[in-house]
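Reviewing the structure listed below.
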Amino acid sequence: MKLGDYRVKGKRARLGDWDTHDDGGLSKEEAQPLLAKLQEELADYQERLYAEGRQSLLVVLQARDAGGKDGTVKKVIGAFNPNGVRVSNFKVPTPEEKAHDFLWRIHAQAPRAGMVGVFNRSHYEDVLVPLVHGEMDEAAAEERLKDIRHFEALLGRSGTRIVKFYLHVSADEQKERLQARLDDPSKHWKFNPGDLAERARWDGYTGAYEACLGTSTDAAPWYVVPADRKWFRDLLVSRVLLHTLKDMDPQYPAVDFDPGAIVIE
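Okay, so the sequence shown: first residue is 1 according to the UniProt record's numbering, each after it adds one.
The structure is reproduced here in C-alpha cells:
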C-alpha cells in the first residue's frame, strides 16, 4: 500500500480514479494485527504531541451519508487519549452562525497547540450543500474554496498540520448501509429520511466533492480513502495519520531539574 496512491494531486480530482472496494492487496485477517500495531504507535505519537505543546493536528473527515465518518472516529481516533482530542461536527448553521462569515464557527473549533482536532464534517459542507442544492453557483463556490485555502494556510503557519480524508463509498454500499439502519431497530435513530433526497443527488455531490478535493496542497493534503471495506478504511487512515505525526516529529520537552537527583521518600 503506497500512501501516495491515495493522495490527491493537482487541482482537479476524478473520484472514478479510485476503486471504492480497494483492499490494498490485503485480507481483513492480515490487516487486523497491522491496525493494532498502528494504534499503539499513534497513541505514542499523540502523547508526544500533547507533551510538547507546540504543534497541533487537524483531521478533516468528509463522506456521503453512511460513508463511515463516525466509524472512523471510533476505530481510529479511539486509539488516542481523549484528553488530547477534540471532535467537532458542523450541522446546519444556527442563526448566530449565519450572522458571521462561513468560517467563523470553524475557526473557533481549530485545535490548540498539543491537541488533535477532528472535524466530523467540516468547512467543506458550506460549499458542498449550497452548491448541490443550487443555492450557490460555481463561481461563488470557487471563491469559498479560495477562502478555505487561505484559512488552511493560516492554520498551517500557526503550527497546525492538516490532513483531509474523503471516505469514498459506492452507491451500492451506501444503499446496503442505509437499509441496515432500517432493518435494525437499534439503528433507526441513525436513519434520516432526508438522506434519500441527498442520495438522489449522487452525481451532483460527485462533482462538488471533486471541486473540493482541488484544495489539496502539501500543507493540507486530501486523501481519497476507499471505504466500502471498513477495515481497509481504518488501516489506511491510521497509516496516513502515523506518517503525518512522524513527519511532525513532536518531542518530549526538556525538564529544568535533574530526575536522578530527586529522592522520593
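Backbone N, C-alpha and C define an ideal beta-carbon position, used for all residues, glycine too.
Just to confirm the assignment, what range does the alpha helix (DSSP H) spanning residue i have?
i, result
"residue 28", "28 to 52"
Could you check which residue in the options has the C-alpha nearest to that of residue i?
i, options, result
"residue 221", "241, 227, 172 and 234", "241"
"residue 70", "243, 83, 87 and 207", "87"
"residue 40", "265, 251, 238 and 262", "238"
"residue 128", "250, 65, 223 and 254", "65"
Quick check: the Cα distance between residue i and residue j, rounded to an integer number of angstroms?
i, j, result
"residue 195", "residue 94", "20 angstroms"
"residue 178", "residue 2", "31 angstroms"
"residue 214", "residue 124", "12 angstroms"
"residue 274", "residue 184", "As shown, the chain starts at 1 and ends at 265. That puts residue 274 outside it, with no answer to give."
"residue 18", "residue 7", "10 angstroms"
"residue 210", "residue 231", "24 angstroms"
"residue 114", "residue 245", "12 angstroms"
"residue 52", "residue 248", "11 angstroms"
"residue 276", "residue 256", "Look at the range of the chain in this structure, 1 to 265, and you will see that residue 276 is not part of it."
"residue 142", "residue 258", "56 angstroms"
"residue 181", "residue 192", "10 angstroms"
"residue 173", "residue 262", "59 angstroms"
"residue 106", "residue 260", "46 angstroms"
"residue 89", "residue 146", "22 angstroms"
Could you pull out every residue in the same chain whose Cβ sits closer than 6 angstroms to the Cβ of residue i, ignoring the five residues on either side in sequence?
i, result
"residue 204", "132"
"residue 156", "219"
"residue 144", "127"
Spatial neighbours of residue i within its chain, please: C-beta separation below 7 angstroms, excluding the five flanking residues on both sides.
i, result
"residue 34", "235"
"residue 225", "6, 165, 166, 167, 168, 233, 236 and 237"
Using beta-carbon positions only, say whether residue i and residue j come within less than 8 angstroms of one another.
i, j, result
"residue 112", "residue 62", "no"
"residue 188", "residue 15", "no"
"residue 56", "residue 134", "no"
"residue 58", "residue 160", "yes"
"residue 49", "residue 79", "no"
What are the start and end residues of the beta strand (DSSP E) that includes residue i?
i, result
"residue 226", "222 to 226"
"residue 63", "56 to 63"
"residue 161", "160 to 168"
Grab me the residues of residue i's own chain with a C-beta within less than 8 angstroms of its C-beta, minus the 5 sequence neighbours each way, in chain order.
i, result
"residue 170", "20, 21 and 228"
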